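Numbering (my numbering), first residue to last: 76 to 345.
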Ligand SMILES: [Zn+2]
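Structure follows, in structure tokens:
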């Protein structure tokens with residue numbers, strides 16, 4: 076009896092001493108098994124309600140596509156570490172909607188979950204960077220596999236769904252383009268010729284001098300990465316106008332992402 080008591084006490088001590096490590100190990104195992112868990116576990120009803128309530132793209136899909144979308148959202152969510160900054164926790168709504176934004180962008184691609192970017196930092200509002208000495212709305216850090224989001228700016232992207240400014244899509248697009256370049260299981264999924272063609276179009280479009288006539292906001296021409304992200308924002312927020320104004324560029328992006336949002340039914344007002 077005394078032996079059992081000693082063993083039990085040691086067990087309790089080990090759990091107490093290594094509580095944090097055990098928790099982290101459990102969370103790590105949870106993330107590593109995200110693809111399996113998202114396939115075998117039922118999609119939580121609460122997630123579907125959040126998508127229905129707040130995510131226009133989800134509501135543009137038919138029922139079987141909605142299911143595939145929600146399952147991909149689970150896979151993305153279960154595979155990432157959501158880290159709160161200057162807030163106590165990242166709410167379920169925030170997790171679902173951030174994951175949904177990544178899934179919207181990658182919906183046409185097979186098994187692409189921005190694997191390299193396994194940490195998502197969420198700030199309540201725009202945050203001050205001691206490195207750049209500026210306030211930021213979001214950024215992507217390939218070195219540490221981090222995507223940073225200001226929740227306030229993320230939400231604003233959805234409050235104005237057709238102004239082609241959407242922080243979530245913008246940052247996810249940066250991550251996607253970098254993911255294509257970073258050696259991992261998900262790597263070189265874009266057709267290299269199409270990317271080159273896309274960048275050539277970007278360069279020629281950015282030679283304009285009269286910005287009042289341009290379809291994209293001038294920031295697109297900061298570099299090829301910004302151009303790609305701004306193009307993605309336009310691709311999803313005003314696809315028909317983009318297709319009409321720049322059919323060739325639209326077609327290249329549509330081939331790269333393997334989807335065409337201009338063919339979806341118009342989004343219902345939320
Ligand atoms: Zn950017």
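C-beta: ideal position from N, C-alpha, C; glycine also. For clarity, every value in this text was computed on a predicted model and none was experimentally measured.
Look at residue 198 here: in three-state DSSP terms it is strand. Its chain contains 145 as the residues whose beta carbon lies nearer than 7 Å to that of residue 123, once the 5 sequence neighbours on both sides are disregarded; these appear in chain order.
Listed as beta-bridge partners of residue 215 by DSSP are 222. Contact check for residue 148 against residue 121 fails: the beta carbons are separated by 8 Å or more.
In this structure, DSSP gives residue 159 an extended state, which the three-state scheme calls strand.
Residue 322 places its beta carbon 8 Å or farther from that of residue 337.
Between the C-alpha atoms of residue 332 and residue 181 there is a straight-line separation of about 7 Å. Taking all protein chains shown into account, residue 133 has 16 or more neighbouring C-beta atoms within 10 Å of its C-beta and is therefore buried. For residue 163, the closest alpha carbon among the candidates 185, 138, 197 is that of 197. For the pair residue 178 and residue 205, the Cα-to-Cα distance works out to about 31 Å. Relative to ligand 1, the nearest heavy atom lies less than 7 Å away from the CB of residue 304. Our two residues, residue 105 and residue 210, have alpha carbons roughly 34 Å apart in a direct line.
Just so you know, the alpha carbons of residue 169 and residue 268 end up roughly 36 Å apart. Per DSSP, residue 139 has no beta-bridge partner at all. Residue nearest to residue 193 within the set 220, 184, 186, 214 is 220 (criterion: CA-CA distance). The C-alpha of residue 280 lies about 10 Å from the C-alpha of residue 290.
When the Cα atoms are used, residue 277 and residue 299 turn out to be separated by approximately 7 Å.
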